[in-house]
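Residue numbers are given in the working numbering: position 61 of the sequence shown equals residue 51, and the series is strictly consecutive.
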Amino acid sequence: YYGDESDTLEFKESLVYSTAGGMLPDLAAHKWTILKTVCGFFNTFSGGELLLGVNDRGYSSGLKNDLRYLHLQGYISEESMDKYRNYVKLLLDKAFMNERRTVFGADITANHVDLRIERNKEGDEMLRIQVKPYEQGIICFDRELSRPDNVESSYYRKSGSTQPMTKKV
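Structure representation (structure tokens):
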């Protein structure tokens, strides 16, 4: 048990599968929930942590299904958490830029994101994504990145949820 979600803690069961979708794989859509959460943590005063492999009730579910899917689809070369972490890091490294378009991708994540593999006593493996706030302005999605219509250009965290960044905010 990992507690309750908060302004600085978010749980996602999977990068590949949406629990609302009945365990059907949808990597293209579900990765955006991860990217929006990380973007939201960048744009706070405190940052935050995203735990992949933990359900909304705070209990571990592990990432075995993600590992299997990503390996079978050729996204990772073997079913290992290290390959999974590297895949998630690559997604994050390609996703962001600052609002002035002067700092991009890995230059942002290198100093503000830490990805840690964890194994609990039940043997479930999770990925903890620790995000430090970006204090030099607002972080947005890179304009070169093809976003779905329902994904805004930037997000922030408020009252335990990830909200679209508006000009008013």
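C-beta atoms are modelled at their ideal positions from N, C-alpha and C, and glycine is treated no differently.
Being a predicted model, the structure only gives us computed values, none of them experimental.
By DSSP, does residue i sit in helix, in strand, or in coil?
i, result
"residue 110", "coil"
"residue 116", "strand"
"residue 75", "helix"
"residue 26", "helix"
"residue 104", "strand"
"residue -8", "coil"
"residue 131", "strand"
"residue 65", "coil"
"residue 122", "coil"
"residue 14", "coil"
"residue 91", "coil"
"residue 42", "strand"
"residue 157", "coil"
"residue 58", "helix"
"residue 53", "coil"
"residue 1", "strand"
"residue 152", "strand"
Going by beta carbon distance, what residues of the same chain come within less than 6 angstroms of residue i, once the five residues before and after it are set aside?
i, result
"residue 120", "39, 104"
"residue 108", "116, 118"
Can you tell me whether residue i is buried or exposed, with buried defined as 16 or more other CB within 10 angstroms of its CB?
i, result
"residue 85", "buried"
"residue 62", "exposed"
"residue 78", "buried"
"residue 37", "buried"
"residue 157", "exposed"
"residue 26", "buried"
"residue 56", "buried"
Under 8 angstroms by Cβ, that's how I've got residue i and residue j pegged, so tell me the actual separation to the nearest angstrom.
i, j, result
"residue 42", "residue 14", "Incorrect: roughly 18 angstroms between the Cβ atoms, too far for contact."
"residue 31", "residue 106", "Not a contact, Cβ separation roughly 15 angstroms."
"residue 1", "residue 48", "6 angstroms"
Excluding the 5 residues flanking residue i on each side, which residues of the same chain have their C-beta closer than 8 angstroms to its C-beta?
i, result
"residue 101", "122"
"residue 51", "3, 4, 43, 44, 45, 114"
"residue 72", "107"
"residue 234", "Residue 234 is absent from the structure shown; the chain starts at -9 and stops at 159."
"residue 124", "32, 33, 88, 98, 102"
Excluding sequence positions up to five away, which residues of its chain have a Cβ less than 7 angstroms from the Cβ of residue i?
i, result
"residue 137", "131"
"residue 155", "33, 128, 142, 144, 145, 146"
"residue 82", "28, 99, 103"
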